[in-house]
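Letter by letter, the sequence shown follows residues 20 to 385 in the numbering used here. Yeah, the Cβ is synthetic: ideal placement off N, Cα and C, and Gly gets one too. The next block holds one structure in the form of structure tokens; read it before the comments.
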Amino acid sequence: MVHLPTPAPSTGHFNTSEVRPRTKYTSSTTRTVAFPPDHYRHAPNIAAGFTLLDLSSEADCVRAKVIVDEVSGVRFRVGVDSGSGGGDGGKGKTRGRVDEREAVIWEAGVTWMESKRGARECAMGRFDTAEISTTQSSSPSASVSANSASTRAKKPPPQQEYSKRITFPRPFKQPADVTVWLSRLDLSATNERNFRIHCYASHISTSGFTAHIDTWSDSVMDGAAMDWIAVPRGKKWVASGGFATGDVRSWSDPRSRNRGSVKFPGKLFASASSVASGQGEANGLVKGEKVDGGDVDGSVNERERERKPRVFCALNMLDMAGNADLRVKVYADEIGGEGFRWHLDSWGDSTLYAAGASWIALGFPP
20 MVHLPTPAPS TGHFNTSEVR PRTKYTSSTT RTVAFPPDHY RHAPNIAAGF TLLDLSSEAD
80 CVRAKVIVDE VSGVRFRVGV DSGSGGGDGG KGKTRGRVDE REAVIWEAGV TWMESKRGAR
140 ECAMGRFDTA EISTTQSSSP SASVSANSAS TRAKKPPPQQ EYSKRITFPR PFKQPADVTV
200 WLSRLDLSAT NERNFRIHCY ASHISTSGFT AHIDTWSDSV MDGAAMDWIA VPRGKKWVAS
260 GGFATGDVRS WSDPRSRNRG SVKFPGKLFA SASSVASGQG EANGLVKGEK VDGGDVDGSV
320 NERERERKPR VFCALNMLDM AGNADLRVKV YADEIGGEGF RWHLDSWGDS TLYAAGASWI
380 ALGFPP
């Protein structure tokens with residue numbers, strides 16, 4: 020593993036290139052992130068997800084996990100892990116032929132958001148398929164006579180659909196808006212099968228929601244996780260939603276470059292006249308980015324004007340050919356008070372049939 024102990028400011032974004040070159044892969048790549056001084060009395064809640072994945076397909080699986088740990092009121096550790104052990108001795112391995120038993124992360128990117136512990140208008144958490152029993156597969160092919168010797172000798176295939184009811188620490192007064200980000204994946208890698216995974220929320224209420232992580236067709240998912248963020252619907256200065264390649268093209272027309280636009284509802288970010296001063300938080304919800312200039316005094320900006328929010332997005336779905344490395348990234352640009360432009364891209368010889376992401380926009384002062 021490779022760890023960079025020098026603290027970086029809490030910008031809400033991490034990339035493995037901050038710690039090591041892309042071609043010198045390791046099983047774990049992490050760095051320390053420092054919160055602004057005196058920002059938290061206690062360790063905050065943090066939700067995170069993948070913004071970029073560049074995973075080798077030469078191994079028998081593609082595997083990556085977002086790391087967020089060692090959280091205190093001062094700092095935390097963020098990074099990614101392939102789950103392949105620490106055989107590199109912390110020095111990294113030069114790019115070459117990949118061991119078929121070793122999952123390799125060439126590069127990965129992560130975004131995150133923070134919330135005060137115990138916040139009344141924000142809840143965060145993680146759902147991992149490891150929390151669900153895998154004794155019975157959802158695959159119809161698993162329904163074979165238990166008297167068959169060949170059946171007893173074979174391990175049942177992994178489930179393709181996982182779900183769990185999530186209960187918020189305390190109910191909201193309104194139904195929640197839930198943002199979900201992919202934070203772990205472990206998919207079988209073969210030339211014949213696509214990489215397919217989708218995480219999403221359903222049956223959302225004031226008290227909770229049902230979390231889902233699925234694959235489909237002939238894809239094999241050995242595990243996955245999703246981080247989630249819930250806020251009461253209509254919360255001031257907050258908007259959220261999702262976008263996907265299916266918004267601009269069909270599955271059967273794969274493209275390496277995909278882009279579209281999102282329009283914020285109403286005039287949500289059109290005025291900053293009523294914003295109170297603060298350091299990146301309001302009613303307990305905190306973004307991962309601190310804008311230069313410190314506190315913003317709402318009295319300075321009394322005229323009606325467009326307010327540029329901060330937009331955070333991460334992957335929630337992908338469907339890619341398995342005959343090449345898994346390469347996909349999501350980002351937003353051209354961000355303004357009315358909306359933003361999104362991008363879902365791949366590169367090299369990877370084939371991107373479909374991908375999707377969830378986003379959340381915050382208009383709080385830094």
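Tell me the rounded alpha-carbon separation between R94 and R329.
Going by the C-alpha atoms only, they are around 22 Å apart.
Residue range of the beta strand (DSSP E) that V81 falls in?
Taken as a continuous stretch (DSSP letters only), the beta strand (DSSP E) holding V81 covers C80 to D88.
Quick check: the stretch 119 to 136 against the stretch 70 to 78, are at least 3 beta-carbon pairs closer than 8 Å?
Touching, yes, given that three or more Cβ pairs across the two stretches are closer than 8 Å.
From the DSSP output, in three-state form, read off A249 for me.
Three-state result, A249: strand.
Which word fits R50, buried or exposed, when buried means at least 16 other C-beta atoms lie within 10 angstroms of its C-beta?
By the neighbour-count rule (16 or more Cβ atoms within 10 Å), R50 is buried.
Is it buried or exposed for E133, if we count other Cβ within 10 angstroms and need 16 for buried?
Buried, by the Cβ-count rule.
Short check: CB of D233 to CB of R145, under 8 Å?
No.
By DSSP, does T130 sit in helix, in strand, or in coil?
Correct three-state label for T130: strand.
Alpha carbon to alpha carbon, what distance is there between N277 and N335?
Going by the C-alpha atoms only, they are around 16 Å apart.
I need the straight-line Cα distance from T229 to V267, nearest angstrom please.
Rounded to whole angstroms, T229 to V267 spans 28 Å at the Cα level.
Across which residues does DSSP place A27 in a beta bridge pair?
According to DSSP, A27 bridges with V52.
Take F187 as the anchor and find which of L206, E150, D205 and M143 has the nearest alpha-carbon.
When each option's Cα is compared against that of F187, the closest is M143.
Where do the N-terminal and C-terminal ends of the beta strand (DSSP E) with N34 fall, by residue?
H32 to N34 is the extent of the beta strand (DSSP E) around N34.
Between the C-alpha atoms of D272 and T370, what's the straight-line distance to the nearest angstrom?
Their Cα atoms are separated by approximately 10 Å.
State the Cα-Cα distance for the pair T45 and L201, rounded to the nearest angstrom.
Each residue's alpha carbon lies about 21 Å from the other.
Reducing DSSP to helix, strand and coil, say where D237 ends up.
Reduced to three states, the DSSP call for D237 is coil.
Rounded to the nearest angstrom, what separates H61 and D88 at their Cα positions?
Each residue's Cα considered, the two are about 14 Å apart.
Can the beta-carbon of G102 be found less than 8 Å from the beta-carbon of A122?
Yes.
To the nearest angstrom, how far is the alpha carbon of R346 from that of A340?
So the alpha carbons of these two residues sit roughly 10 Å apart.
Check the C-beta distance from K254 over to E140 and give it rounded, since I have them as a contact under 8 Å.
Between E140 and K254 the Cβ distance is about 6 Å, and since that is below 8 Å, they are a contact.
Excluding the five sequence neighbours on either side, which residues of its own chain have a C-beta within less than 6 Å of the C-beta of C332, listed in chain order?
Result list for C332: V349, A351, A376 and W378, in chain order.
Name, in chain order, the residues that DSSP records as bridge partners for A208.
Answer is none; A208 lacks a bridge partner.
Closest to V199 by C-alpha separation, out of P55, I65, D57 and Q179, would be which residue?
When each option's Cα is compared against that of V199, the closest is I65.
Give me the residue from M20, I248, R360 and Y372 with the minimum Cα distance to A138.
That would be I248, whose Cα lies nearest to the Cα of A138.
Tell me the DSSP secondary structure of G265 in three-state form.
Helix, per DSSP.
Can R252 and P194 be called in contact, C-beta distance under 8 Å?
Yes, the pair counts as a contact, with Cβ atoms nearer than the cut-off.
Rounded to the nearest angstrom, how far is the Cβ of S75 from that of D344, given a contact under 8 Å?
That belief holds up - the Cβ atoms of S75 and D344 are roughly 6 Å apart, short of 8 Å.
Going by CA-CA distance only, name the one from P55, S259 and F283 that's closest to T30.
Here the closest residue by C-alpha is P55.
Just to confirm, are W361 and F262 a CB contact at a threshold of 8 Å?
Closer than 8 Å, so yes.
In chain order, what residues of the same chain have a beta carbon less than 6 Å from the beta carbon of T25, not counting five sequence neighbours either side?
Cβ neighbours of T25 beyond the five flanking positions: none.
Consult DSSP for T225 and reduce its assignment to one of helix, strand or coil.
Residue state, collapsed to three classes: coil.
Taking A78 as the reference, give the member of N342, I354 and L381 with the closest Cα.
If we check each option's Cα against that of A78, N342 comes out closest.
Indicate the three-state DSSP secondary structure (helix, strand or coil) for P63 in the structure shown.
P63 falls in the coil class under three-state DSSP.
Applying the criterion that 16 or more other CB atoms from any shown protein chain within 10 Å of the CB defines a buried residue, is A374 buried or exposed?
With 16 or more other Cβ atoms within 10 Å, it is buried.
Could you check what DSSP says for E77 in three-state terms: helix, strand or coil?
Coil, per DSSP.
Under the rule that 16 or more other beta-carbon atoms within 10 Å means buried, what is A258, buried or exposed?
Counting Cβ neighbours within 10 Å, A258 comes out buried, since at least 16 surround it.
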